[in-house]
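In what follows, a structure is listed as structure tokens, so that the remarks can point back to it.
Residue numbers (our numbering): 41 to 507.
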């Protein structure tokens, strides 16, 4: 992306000290966008775009000039002209920061989206634009939306929710309303649109969702108490088939003071089994996207504490290399498991591999936030830690193991919270006392430490062999 023209406007009156920046950018051959930033001087500026998709240079210049003119009529002045009157000293141009170069690399890849030989996979660049919240990427992303690639549309919709503005709402709405859109793409597009809607529009949309609830739940969600809604929801789910559990997705979208407590109670107590689990998985991904620390943390806790319902096995004579022909789930033998798993009403869910994936995903989501320096890391990490209590501790374990390298036996120890994957990553990733044993889920005590010892205060105490 190339910056063609930029105007910086300022407004000072009384206590008001605001800045408004307008950029005319070239994003491709004959393709231009007009972006803007605004806010209080010295604070982080909000970003947006006046072009929902790339336009010709003539159109872009017209939009650019009209925007500058409208702000000038409201009392804004050209900041560069004002600075020239105040001082004749030459302006110093600072070198671009690492973050600027990183953002520019993402924008360049999005502009070069047709290059199939590029080393950087387009979907990864799209996802990165959302992680970094690059406002200038929104018009480029909107241009790519609606492809025949469902995974790409998923990444674009998710990214637009983080770096888009009100101009992206129309594009997301078209994606949601299209009959060709996959269900998993539609779910993330709805979440992204919720982020971008104004408070008034969001409240209106949630009211419309309440009207679409089953009549047994509608009144309690609208005007009833949290207790009444919880009773109504329990009765509703117990009184029908698997299709009734689809209401849980809608309830989490509504997420008001009446519906949320009932959903929280279900997350804490409902079994990780068919019907419930399918919806919990959707809610978990939505909570991660919304940065809903409470729901994200409670589900992360359930994934750690709830044993899997089945384990994949391999029979050499089976026609299916992924699932066995017969599978024991909760003491029930299910025939033709290979086809059963594909059904919307499948009784097979929450296998060992699925549980392992979800446990890893909890830490992956936190790690990504930490690496990006996102302040939401702290809140989300606290959400993962809060459900644990002293009662979650297990018996301390020890084992005597022969170590060939030293030709001797050595005792290994595992502390009371050793089995909890994400919890230990948050607390002890850089600890001199614990480490994650390769190819296991358990955090083991280092050789110089056993449970109950005082924590080493220096690196010399932690790793005496290195000194």
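Where is the CB? At the ideal position from N, CA and C, for every residue including glycine.
Check each candidate in the options and name the one with the smallest Cα separation from residue i.
i           : options               : result
residue 385 : 285, 274, 267 and 334 : 285
residue 270 : 301, 258 and 193      : 301
residue 413 : 69, 173 and 151       : 173
residue 396 : 421, 427, 482 and 323 : 482
residue 277 : 476, 460, 257 and 294 : 257
residue 398 : 195, 320, 449 and 374 : 320
residue 424 : 436, 106, 341 and 279 : 341
residue 176 : 163, 191, 151 and 322 : 151
residue 146 : 164, 468 and 52       : 164
residue 56  : 116, 69, 179 and 434  : 116
residue 472 : 494, 451 and 274      : 494
residue 492 : 438, 466, 273 and 448 : 438
residue 373 : 383, 452 and 349      : 349
residue 329 : 114, 232, 216 and 97  : 232
residue 236 : 201, 291, 247 and 267 : 201
residue 61  : 306, 268, 77 and 272  : 77
residue 248 : 268, 295 and 267      : 295
residue 292 : 168, 488 and 234      : 234
residue 168 : 154, 203, 158 and 156 : 203
Look up residue i in the DSSP assignment and say whether it is helix, strand or coil.
i           : result
residue 116 : coil
residue 68  : strand
residue 494 : coil
residue 437 : strand
residue 58  : strand
residue 129 : Low per-residue confidence applies at residue 129: pLDDT is 42, beneath 50, and the placement is therefore not dependable, though the value from the model is reported in the following sentence. In this structure, residue 129 counts as coil in the three-state DSSP scheme.
residue 449 : strand
residue 387 : coil
residue 185 : coil
residue 394 : helix
residue 423 : helix
residue 201 : helix
residue 101 : helix
residue 73  : strand
residue 228 : helix
residue 374 : strand
residue 483 : strand
residue 90  : coil
residue 297 : coil
residue 460 : coil
residue 442 : strand
residue 476 : strand
residue 281 : coil
residue 309 : helix
residue 258 : helix
residue 193 : helix
residue 400 : helix
residue 489 : coil
residue 414 : coil
residue 121 : Unreliable positioning characterises residue 121 in this predicted model, as indicated by a pLDDT of 49, which lies under 50. The coordinate reading is nonetheless provided below. In this structure, residue 121 counts as helix in the three-state DSSP scheme.
residue 85  : coil
residue 263 : coil
residue 80  : strand
residue 63  : strand
Under DSSP, the alpha helix (DSSP H) around residue i begins and ends at which residues?
i           : result
residue 289 : 287-294
residue 341 : 333-345
residue 330 : 316-330
residue 249 : 239-252
residue 170 : 162-172
residue 381 : No alpha helix (DSSP H) holds residue 381; DSSP gives it neither H nor E.
residue 15  : The structure shown does not extend to residue 15, since the chain spans only 41 to 507, so no value can be given for it.
At which residues does the beta strand (DSSP E) containing residue i begin and terminate?
i           : result
residue 156 : Premise fails: residue 156 is in no beta strand (DSSP E) and is neither H nor E.
residue 350 : Per DSSP, residue 350 belongs to no beta strand (DSSP E) and is neither H nor E.
residue 48  : 42-53
Would you say residue i faces chain C, with C-beta separation under 7 Å as the test?
i           : result
residue 295 : Given the protein chain composition of this structure (a single chain), no chain C is represented.
Touching by the beta-carbon criterion (3+ pairs, under 8 Å), the segment 219-228 and the segment 184-197: Cβ pair count under 8 Å is three or more, so yes.
Touch test, the segment 373-380 against the segment 335-343, Cβ-Cβ under 8 Å, three pairs minimum: no
At least 3 beta-carbon pairs within less than 8 Å: the segment 196-209 vs the segment 234-252: Touching, yes, given that three or more Cβ pairs across the two stretches are closer than 8 Å.
Three or more C-beta pairs below 8 Å linking the segment 398-413 and the segment 455-466: yes
The segment 192-206 contacting the segment 106-120, beta-carbon criterion three pairs below 8 Å: no
Three-pair Cβ contact test at 8 Å for the segment 153-163 versus the segment 41-51: With the rule of 3 Cβ pairs closer than 8 Å, the segment 153-163 does not count as touching the segment 41-51.
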